[in-house]
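What follows is a short report on a single structure.
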Amino acid sequence: MSATRELMFDHGQPSYSEVNTDIINALTTTTWRYWVTLGISAGAALLFFVAPWIYQIIVGVGAAGMNRNAMWGTYLSNFIFWIGLSHSGTLLSAVLHITQSDWRKSIYRSAEAMTLFSLMTAAMFVMVHVGRVWFVHWTFPFPNPMELWPNFRSPLMFDVMAIVTYLTASSVFIYMGSLPDFAAVRDRSTGLRRKVYAVMCFGWRGTAHEWHTLGWAYTFFAVLVIPLAVSVHSIVSWDFAMSTVPGLHHTIFAPYFVCGAIYSGTAGIVTVMWMLRKFMGFGRYIGQLHIDNLSKLLLVLSLIWTYINICENFSGWYSGTSFEYEAILYRIWEGPFWWLYWEMILFCAVVPLVLFSRRIRTNWNVMLVISILINIGMLTERFVIVASSLPRKFLPDVFGTYFPSLVEISITVGSFAIFTTLFLLFVKIFPAVSIYEVKETLNPLRKREAHS
Amino acid sequence: MTLLASFAHEDAALDAARALREKGVDGVDLYSPIPLHGAEEALGLGKSMVRVFALLGGILGAIGGFTLCVWTATRFILPTAGRAVIALPPYLLITYESTILLGTLMTLLGFFVVGRLPAWRDRTYRASSNVDRFVISVAGPGAPEAEEILRAAGAESIEREQSE
Amino acid sequence: MSTIRDKLREYRTAGYYTEFEYHWTMAVDLDRCTGCEACVVACQAENNLPIVGEKRMRQGREMKWIRIERYWDDSEYPNARLNFIPMLCQHCDEAPCEIACPVFATYHNQDGLNAQVYNRCIGTRTCAVYCPYEVRFFNWFTYTWDEPLEQQLNPDVTVREKGVMEKCTFCVQRINRAKDLARDEDRRVADGEAQPACAQACPTDAIVFGDRNDTDSAVSRKLEDPRAYEVLKELNTHPSVVYLKNARAPLAGEEDDGHHGDESESHASPVMWPDESSEAVA
């Protein structure tokens, strides 16, 4: 019996049937508070995201604050933020699955859901960003009405392929991992819900053969998803790094973005876990061990992130080209967004240093604040990269500035509402904590040990 | 006729399954709420064929992705940015992604084919095996003699069900 | 077998074309440029560029395929001089913008032109971000022309809708007309036959346009000038627009600092002629 097995549950181990009862009840019993929250967030998504977007489609992308100097704006920086947020789900579920870390088992389902939904939100931003969204399907590999295939040499096509692959792989991953749990929900429910879950679980019975096949398939999914976690954000970073823009044309961008992505994603998981504990009553399954481990991960990532940031600024200074040097100087001191840069340093590099203290690491409420601060920092990081580099490239005559318009700010706010709405729907469709994998972390039901 | 024996302990269920296998009883299946380590050898399940699907998917994806790039680029030549029409670095990235994409999809297909799912018709099973019971089913002619073995292994209850 | 090897070699050639059919090139003599902006107006009329209005101009959304960049030199006030560089799409042979487009809206054609195909464009704006010269313009809105201004639209040029990227085409409609005419008469386009609107409008003949493949053309002769340089050459974009540096001559009363046609200087430091400018300053 491993030490972690004892540490996983703060209030003693539940029995097998209690696991089913707890998790499925959280799924099936819905209070009026849930409906009110869902209504508010869906309404906010419509009001702040969909409505301004429709307005923007009608008048043109000019509704946003972008101009000739800054052709990319918050839409792109938010796209990168949301893709980044999606990364830790993969890390937790795939990497920790391969390394057989048991503590992942009660939190990975929600982390995976976060992956999927932030990826969907990111995909929405691609569509919000482009000028002619009604032709956005031309980027898919099929001959468009002009009998033209997409340009596979373009970094944006790498993006399309990476996101499509990531979306497919992570949906398959979360769905396949949930099959046995859908069967468990089916068995406890009646009426329409039973019929729906009977279809959703594909007739799962839990035979040894089925477990065996799922085990193999799941390992392959995990192995296939891990390279994606590294490649997707590298590819996104090459959208920037393949340009000639000073301040973006850095080889360090791929590791910088991957590290930042996993960083913000892990912080996002901490936030989501706090919500699950608070509002879904999963405190029994998500405890001290989880927050401690996640916080250690955050600490390591923050140190790597700080190091890469120093490297980036150093290379700007060391490059010897005036363009690069001035771009860095403009970003951190001379430009209009210098305060955002230092805010990001404060939230992402300085504040996480308190995680060296174990008392802070295991305090859920403090961790909620820190995790939110980190994600605010990461959101501004992406904004600063875009908004401070593009308006000043090479020719001083066309130097300009960029500031997001009301439409852009509204859509940014609305994207959080979209994510929340999707996540609220998720917790009522999927068991938010994996039933069978939590059971695996309990003491096994063995006759011999029970007697000893 | 199908025999369904329910166990409260996983080792008891595994012992029973092993004993049935030694006696040469056919049509044995084990239902459990969690994947059981040892169920593979107890029921004689080897390496799953899913891995073949995964490998095939990966190979197909790699070849397919690269071929897609080369074929589409040479079909209508539009040179860009001083690059070659067949430019290896970008095409290898696409190949990388399509390898993973097809690998995933083929693994999914493999799971369905090998696991014989989806099966939406009514099939024999006990709902308790999704909670905390380990159920062994014996279908076909071996059922009568299996009953003793199961009882000896410590089955809580044994039910009979007319199979379809 | 050898054909397959030949094909492969063809497809593996960087840039695909070993030689362009015509290599359209523009030489801009900064010595002659007075900054009158006649080229800007001519371009606007020829290519159906919308007039965006004061408000959008302030937002930085003007549409000027060619613009006159103005740089003050370092000198103190009465001697301070304004230098002009007309900036337009450089039609780079290794264009950073062409990397970006996922739908082939911008590509390199057989004439060495950086072509922009409006109906393929989906408006990702990545090309504009990648362009170091910032000469790509995005249709933030669908612009309209008030009556009767729509009557003066050039029928040879598409009117672009919202969400489409556009840029200088070297007046490809004029080039194509010249090429069609030449093909009918079974000859090559003669020098000076194809002229973009800006070159045609330039009162001082500062802009010279032609085929670089033709060694006798006016533009080829301009390229041999020691003053010739490329803007942002260090980015390795191989532009098709070549600038002729403004020869630095001392103002009246100023010491000659010996910068006559100095090739080591990468950026132009153009000035006007001494007597004219001292008059202008006075």
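Residue numbers (our numbering), protein chains in the order written: chain A, 1 to 452; chain B, 453 to 616; chain C, 617 to 898. Backbone N, C-alpha and C define an ideal beta-carbon position, used for all residues, glycine too.
| Asked | Found |
| --- | --- |
| For the beta strand (DSSP E) containing C:W640, list its first residue and its last residue. | W640 to D645 |
| Taking B:G517 as the query, report the chain C residues whose CB atoms sit under 9 Å from its CB, ordered along the chain. | The premise fails here: B:G517 is roughly 16 Å from chain C at the closest Cβ pair, so nothing lies under 9 Å. |
| In whole angstroms, give me the CA-to-CA distance for B:L466 and B:D478. | 16 Å |
| Leaving out five residues on either side along the sequence, give the residues of the same chain with a beta carbon under 8 Å from the beta carbon of A:T332. | At residue 332 of chain A the sequence reads Ile, which differs from the Thr that was named. Counting only Cβ-Cβ distances below 8 Å, and skipping sequence neighbours, we find N313, W338, Y341 and W342. |
| Looking at C-alpha atoms only, which residue of B:L545, B:L472 and B:L456 is the closest neighbour of B:T519? | B:L545 |
| Does DSSP put A:V223 in a helix, in a strand, or in coil? | helix |
| Whose Cβ in chain A lies nearer than 8 Å to the Cβ of B:L488? | A208 and W211 |
| Counting contacts by CB-CB distance shorter than 7 Å, is C:Y632 in contact with chain B? | yes |
| Quick test of your reading: A:V26 and A:F282, contact by CB under 8 Å. State the CB separation rounded to the nearest angstrom. | Contrary to the premise, residue 26 of chain A reads as Ala rather than Val in this sequence. That pair is a contact at about 7 Å. |
| Within this structure, are the beta carbons of C:A834 and C:V847 separated by less than 7 Å? | no |
| For A:I269, which residues in the same chain have their Cβ closer than 6 Å to its Cβ, ignoring the five residues on either side in sequence? | S88 and A111 |
| Report the neighbours of B:A617 on chain A: residues whose CB is nearer than 9 Å to its CB, in chain order. | Summary: the structure shown does not reach residue 617 of chain B, with chain B confined to residues 453 through 616, and so no result is reported for it. |
| Which one or two residues does DSSP pair with C:V824 in a beta bridge? | C:A643 |
| Along the segment 673-696 of chain C, what residues have a CB closer than 7 Å to any CB found in chain B? | none |
| Fully enclosed by the segment 676-743 of chain C, which alpha helix (DSSP H) runs are 4 residues long or longer? | 712-716 |
| In the DSSP assignment, find the alpha helix (DSSP H) that holds A:T251 and state where it starts and stops. | Neither: A:T251 is in no alpha helix (DSSP H) and is coded neither H nor E. |
| Rounding to the nearest angstrom, what Cα-Cα distance links C:Y632 and A:T219 in this structure? | 44 Å |
| Can you give the beta carbon distance from A:Y175 to B:I486, rounded, assuming they're within the 8 Å contact cut? | Actually they do not touch by this definition, with Cβ atoms about 19 Å apart. |
| As a quick exercise: from A:P431, A:R448 and A:F253, pick the residue whose alpha carbon is nearest that of A:V19. | A:P431 |
| Note down, in chain order, every chain C residue with its Cβ under 7 Å from the Cβ of A:P336. | Here the premise fails: no neighbours, minimum Cβ distance about 14 Å. |
| Would C:T774 pass as an interface residue toward chain A - the criterion being a Cβ-Cβ separation below 7 Å? | no |
| Note down, one range per segment and in chain order, each alpha helix (DSSP H) of at least 4 residues found wholly within the segment 26-85 of chain A. | 32-44, 51-59 and 74-85 |
| Counting only Cβ pairs nearer than 7 Å, list the residues of chain A close to B:R535. | R153 |
| Any contact of the segment 125-144 of chain A with the segment 47-62 of chain A, i.e. 3+ C-beta pairs under 8 Å? | yes |
| Name the DSSP beta bridge partners of B:R612, please? | B:L455 |
| Does B:S484 have its Cβ less than 7 Å from a Cβ in chain A? | yes |
| I need the straight-line Cα distance from C:Y859 to A:I235, nearest angstrom please. | 37 Å |
| With the cut-off set at 7 Å, would you say A:M71 and C:R741 are in Cβ contact? | yes |
| For B:M453, count neighbouring Cβ atoms within 10 angstroms of its own Cβ and tell me buried if that reaches 16, exposed if not. | exposed |
| Leaving out the 5 sequence neighbours to the left and right, which residues in its chain are closer than 6 Å to C:A896 when beta-carbon positions are compared? | Low confidence applies to C:A896: its pLDDT is 40, below 50, so where it sits in the model is not reliable enough to give any reading. |
| Could you check the C-alpha separation between B:G555 and B:V566 for me, to the nearest Å? | 16 Å |
| To the nearest angstrom, how far is the alpha carbon of C:E750 from that of C:A817? | 23 Å |
| Quick test of your reading: A:A229 and A:A94, contact by CB under 8 Å. State the CB separation rounded to the nearest angstrom. | 7 Å |
| By how many angstroms is the C-alpha of C:R843 removed from the C-alpha of C:H876? | The predicted position of C:H876 is uncertain, since its pLDDT is 45 and thus under 50; a value taken from the coordinates is nonetheless stated next. Their Cα atoms are separated by approximately 10 Å. |
| What runs of the alpha helix (DSSP H), each 4 residues or longer, lie entirely inside the segment 152-232 of chain A? | 155-188 and 191-200 |
| When you compare the CB of B:P541 with every CB in chain C, is at least one pair closer than 7 Å? | no |
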